[in-house]
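Below you'll find the structure, written out as structure tokens, and then a few comments.
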Amino acid sequence: MHCLARVRIQQINRLLPYRTAAVMVLPDMPVDTWALDEAMDGLMATLRTLVVKLGEKGAQLAQIIASTRKPILLCNRLGSALVSDPTERQRLLENTNPLERIERINDLAGEALLRADCPELSYSQFDTQTVN
């Protein structure tokens, strides 16, 4: 169920035409609400700037941002969308510390923002659906 639960892959059953696996649900470790809010404020500022910089290419990212007001669910969706490499994406989503996931997503969004300022750089790190 896409972005409703974070899971650790225990066994991959099939890779094509899409990945199926035996999984274990991963609960988040508890975090301070104030720290979570502060981290999300920073991430949202970066994301808003990125959406503006991307122009029309940022529409899908804007839809993801608007899809929920729940910080953890939003981070799961962003992690799923912003990391194109399946192994790296799974590593991010398996991290049980929400603050570390938010920080990593903020780093990715910051890298994309730098590339938006330098069009000669590639968006290859991102899903084409997210940036196109």
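All residue numbers for the sequence shown refer to the working numbering, where the first residue is 23 and numbers rise by one. A virtual CB, placed ideally from N, CA and C, is assigned to each residue, including glycine.
So, under 8 angstroms CB-CB, C140 and R123 are touching, yes? Tell me the CB distance rounded to an integer number of Å.
At roughly 26 angstroms, the Cβ-Cβ gap does not stay under 8 angstroms, so C140 and R123 are not in contact.
How far does the beta strand (DSSP E) with N98 in it reach, from first residue to last?
It is not in any beta strand (DSSP E) - N98 instead sits in the alpha helix (DSSP H) that spans P93 to L104.
Buried versus exposed call for L37 [16 or more other C-beta atoms within 10 Å across all chains shown]
exposed
Quick check: the Cα distance between A43 and P93, rounded to an integer number of angstroms?
26 angstroms
With three or more beta-carbon pairs closer than 8 angstroms as the criterion, would you say the stretch 112-127 touches the stretch 51-64?
yes
Quick check: the Cα distance between N154 and A67, rounded to an integer number of angstroms?
Summary for N154: the model assigns pLDDT 38, below 50, so the residue's position carries little reliability, and this model does not support an answer.
Would DSSP call N22 helix, strand or coil?
The chain is shown only over 23 to 154; residue 22 falls outside these bounds and no answer can be derived.
Can you check whether the CB of R99 is closer than 8 angstroms to the CB of V105?
no
Rounded to the nearest angstrom, what separates E125 and G80 at their Cα positions?
20 angstroms
T71 and L135: beta carbons closer than 8 angstroms?
yes
Under the three-state reduction of DSSP, which class applies to M62: helix, strand or coil?
helix
Compute the distance between the beta-carbons of A103 and I86, then report whether it is under 8 angstroms.
yes
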